[in-house]
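All remarks here apply to the structure that follows.
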DNA sequence: GATCCGTCATAGCG
DNA sequence: CCGCTATGACGGAT
C-alpha cells in the first residue's frame with residue numbers, strides 16, 4: 001500500500017531561493033577565420049551547408065521542377081547570389097566583432113563553445129516578473145540553471161497562476177462580447193479574447209520572462225505542457241513572437257552582434273518540414289506569399305540566421321509543436337516538447353522549387369517524454385487500449401456502465417486490484433432530510449431554455465449570471481453554484497447543467513509507485529472544464545460518530561483547500577475586484593463515507609499545487625449545507641498527466657485517505 | 001457534417 | 001513607422 005500523498009510535498013516557500021542564471025554572452029570565442037579564406041565550411045565546420053555541391057534530400061524530379069519552373073534565374077544562380085549575400089553578411093559581422101573585442105580569450109574545455117559561466121550575482125526575482133508597462137524585451141541572454149526543488153515549485157505556481165489569469169480573462173472577454181452581440185452592437189466580428197487577455201496582462205506587467213532572454217528551459221514550464229493560443233506562449237515567455245515561428249535575440253541587441261535563436265514552433269506551416277519526433281527537419285522562415293505558398297528563395301537573415309548561429313555556438317532551442325487536436329476551440333494545441341540541438345543546416349530546394357533553409361533539430365536526451373508523443377499515445381489508448389498496452393488493464397470499466405464513459409483500471413506495477421472491488425457510486429447519496437424543502441417553485445420556469453440567464457430564476461440564485469460559458473467552462477469559482485435541475489422547467493439541454501451530466505472524458509485509475517493509486521485522463525482536459533463529482537455517502541452526525549469510533553476513515557469536505565477562489569480571480573488586473581462571496585453558505589460540516597461505495601475521484605492524489613479544484617454545486621435540492629463536490633480542471637491538463645487535488649493536508653496526515661490506497 | 005479556403009482583424013517586433 | 005509573420009475566428013464552398 002503506497003502513501004496517498006501525491007505529486008509534491010505539501011509546503012513550499014513563498015519566496016524563491018536564488019537560482020544561478022548562467023550568462024551565455026558576452027564572452028564567446030569562436031575561431032575567427034581570415035576574411036579572405038571565408039568559405040561556408042569555415043563559417044561552420046559542423047554544418048553541411050551545401051552551396052554548390054549538389055542538392056540534399058531532393059529528388060531528381062524536384063530538381064527538374066526547380067530548374068524548369070525558374071528561368072532564367074535558375075535555382076543555382078539563386079543559390080549563388082544567396083551565398084554571396086551571406087558572405088557579405090558574415091564579413092560585416094565578423095569585422096565588427098574583431099574591432100570590438102579582438103582580445104577575447106578562448107574557452108577550450110567547455111562542451112558548448114559559446115557558453116561561459118559568469119558570476120551568479122544576478123537577482124532571480126528580476127528574471128521573471130516585469131512590472132513596468134510595455135517594457136521592451138531584454139537583450140540579456142541567460143540560461144537558468146541549478147533550480148532547487150522549492151524554486152521549481154515556486155516557478156510552477158507562478159506559471160500556473162499566470163495561465164489561470166490568462167484563461168479567465170480570455171473567457172470573460174469572449175463571454176462579454178457574446179452578450180454584446182446579443183444586444184446587437186452591430187459589430188460583425190467576434191472579439192479576440194486570446195489577444196485581449198494578453199494585452200490586458202501586458203499592460204499590468206504580468207508577462208513572464210520579459211526582462212531576460214532565456215535560453216533553455218523556462219522555469220515552471222514542464223515538458224508536455226499544453227497551450228491553446230500563441231499569445232499564451234508569449235505571456236509565459238516560452239516563445240516571444242505572436243506569429244513568427246522562430247524567436248531569437250536580434251543581432252543588434254546581441255553582445256557579439258550575432259543573433260541567437262531561443263525557441264521555434266513547429267506546426268507544419270511549411271511544406272518542407274519533416275517531423276520524426278526526436279529529429280525535426282525544420283524549414284527556415286520567409287519566402288512565402290500570403291497564402292503560405294513558397295514564391296521566392298529564403299534568405300539567411302532574421303530567424304534563419306539566428307538558427308544557424310545557435311547551431312554554431314551549440315545553443316539549444318526550445319521546441320513547441322503545434323498540431324491539430326479535436327477538442328480545443330481552434331482545433332489546434334501547442335505542446336512544449338523540450339530542448340533540441342541544431343546539428344546541421346543547409347540550403348535546399350523545396351517542393352515549390354524555391355530555395356529554403358533547412359535545419360536538423362535533434363532532441364537532447366534525458367528529458368521527459370515528448371508531450372506530442374504522449375498526446376498521440378493517449379489517442380491510441382482511447383481507441384484500442386488492449387492493443388497498445390496488452391498487459392496491465394485490470395478493468396476496462398470500473399463503473400460497470402454507470403458512467404457515460406468507461407473508467408479504466410490499470411496496474412503494471414504490482415498485483416493490487418482494489419478499485420475493481422468496490423461498488424461504483426455515480427452520485428453522492430445525501431440523507432433524506434436534505435430533500436425536504438424541494439418542491440414546486442424551487443426551480444426556474446424557462447420552458448424554452450434558460451438563454452443567457454435573463455429572467456431565469458436559477459441565474460438569479462447565482463447572482464444574475466450563470467457560472468459557466470456556453471461551452472460548459474467554469475467562469476469563476478464560487479462558494480456554491482446553482483445549476484438547473486429536476487425541478488426546473490428548462491429542457492435537459494440547458495447549459496446550466498454542466499456537472500450533473502457526469503463524466504465526459506476518458507479516465508484511468510492507475511497504480512503508481514509514488515502515489516499508490518492515481519487518476520489520469522486520456523483526453524486533453526481544458527482549463528475550467530468539468531471532470532467528475534467527488535462521490536460518497538453523506539453521513540448524519542450520529543452515523544459519523546459511530547464510524548469514527550470504529551476507526552473508519554471519512555472524507556470531510558471542509559478540509560479541502562478552497563482552491564475555487566483562485567479560479568477567475570481577477571484581482572491582479574482589476575483593483576476593484578472582489579472575490580465572490582455570494583451566494584454565501586455555512587461552513588461544510590458533514591462527513592462522507594467512501595469505504596464501501598466510491599467513484600474515481602477518491603483515487604486522486606494530493607498536491608499543494610493541484611491541477612484540479614473542488615467546487616460545491618447544488619441542483620437536486622436546496623440544502624446549502626450539503627452541496628455536491630464537483631471537480632474542475634484548474635489548467636489545461638495534458639493526457640496521462642496525474643490529476644491532483646489540494647486535500648488541505650499537512651505532510652504527516654496521510655492516514656486520512658489511506659482507505660483509497 | 002467535417003474540412004478547406006478566403007478574408008479580416010489583429011499585435012509584436014525588427 | 002512600416003512591413004512581415006508557421007494566428008485565430010468566421011462564413012461560405014465542397
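Residue numbers (the UniProt record's numbering): 1 to 661. From the three backbone atoms N, C-alpha and C, an ideal C-beta is built for every residue, glycine too.
Entirely enclosed alpha helix (DSSP H) segments - the UniProt domain "SET" (505–648), minimum 4 residues: 541–549
Pairwise C-alpha distance: residue 220 and residue 145: 12 angstroms
Cβ neighbours of residue 157 in the same chain (closer than 6 angstroms, five flanking residues each side left out): Excluding residues within five positions, the ones whose Cβ falls inside 6 angstroms are 609.
Cβ contact check for the region 249–257 and the region 168–175: 3 or more pairs under 8 angstroms: no
Any 3 or more C-beta pairs closer than 8 angstroms across the region 350–365 and the region 209–226: no
CB of residue 333 within 8 angstroms of CB of residue 524, strictly: Their beta carbons are under 8 angstroms apart, which means residue 333 touches residue 524 by this criterion.
Between the CA atoms of residue 170 and residue 606 - distance to the nearest angstrom: 29 angstroms
Proximity below 8 angstroms, CB of residue 616 to CB of residue 486: no
Bridge-paired residues (DSSP) for residue 266: 321
Burial state of residue 276 (16 or more Cβ within 10 Å): exposed
Beta-carbon separation (whole angstroms), residue 298 vs residue 286, contact threshold 8 angstroms: 5 angstroms
Contact the region 516–531 vs the region 632–643: 3+ CB pairs below 8 angstroms: The region 516–531, when compared against the region 632–643, does touch it at the 8 angstroms Cβ threshold.
Nearest-angstrom Cα separation, counted from residue 494 out to residue 443: For residue 443 and residue 494, the distance between alpha carbons rounds to 13 angstroms.
Straight-line Cα distance separating residue 384 from residue 403: 19 angstroms
Candidates 631, 292, 430 and 562, of which the one nearest residue 540 by Cα: 430
Burial state of residue 295 (16 or more Cβ within 10 Å): The residue in question, residue 295, is exposed, as its Cβ has fewer than 16 Cβ neighbours within 10 Å.
Local Cβ density within 10 Å of residue 391, reported as buried at 16 or more and exposed below that: By the 10 Å Cβ count, residue 391 comes out exposed.
Residue 538 vs residue 603 beta-carbon contact at 8 angstroms: no
Nearest residue (CA-CA) to residue 559, options 648, 194 and 460: 648
Whole-angstrom distance between residue 264 and residue 347, CA atom to CA atom: 18 angstroms
Identity of the residue in 441, 281 and 459 nearest residue 307 by Cα: Considering only alpha carbons, the answer is 281.
Alpha helix (DSSP H) segment containing residue 194, residue limits: Residue 194 -> alpha helix (DSSP H) spans 193–203.
Local conformation of residue 339 per DSSP, three classes: strand
Supposed contact pair residue 471 and residue 533 - C-beta distance, whole angstroms, cut 8 angstroms: About 20 angstroms separates the two Cβ atoms, so there is no contact after all.
Pairwise C-alpha distance: residue 266 and residue 351: 18 angstroms
Residue 410 - DSSP class collapsed to helix/strand/coil: strand
Span of the beta strand (DSSP E), counted from its first residue to its last, around residue 143: 141–145
Per-residue burial, residue 437 [other beta carbons within 10 Å of its own, 16 or more giving buried]: exposed
As assigned by DSSP and simplified to three states, the class of residue 35: Because residue 35 carries a pLDDT of 22, less than 50, the predicted location of this residue cannot be relied on, and no value is offered for it.
Assigned secondary structure, residue 278 (DSSP; H/G/I helix, E/B strand, else coil): coil
Buried/exposed call for residue 355, threshold 16 Cβ in 10 Å: buried
Under the three-state DSSP convention, the category residue 27 falls into: Annotation note: pLDDT 26 at residue 27 (below 50); position unreliable, coordinate value reported separately. It is coil, neither helix nor strand.
Every unbroken alpha helix (DSSP H) within the UniProt domain "Pre-SET" (442–502), with a cutoff of 4 residues, ordered by chain: DSSP runs (the alpha helix (DSSP H)) wholly in the UniProt domain "Pre-SET" (442–502): 457–461.
Expected contact under 8 angstroms - CB spacing of residue 318 and residue 236 to nearest Å: About 11 angstroms separates the beta carbon of residue 318 from that of residue 236, a gap too long to meet the 8 angstroms contact definition.
beta-carbon residue 499 near the ligand SAM non-hydrogen atom, thresh 7 angstroms: Among the components of this structure there are no ligands whatsoever, and the ligand SAM is therefore not found.
Where residue 360 sits in the DSSP three-state scheme: strand
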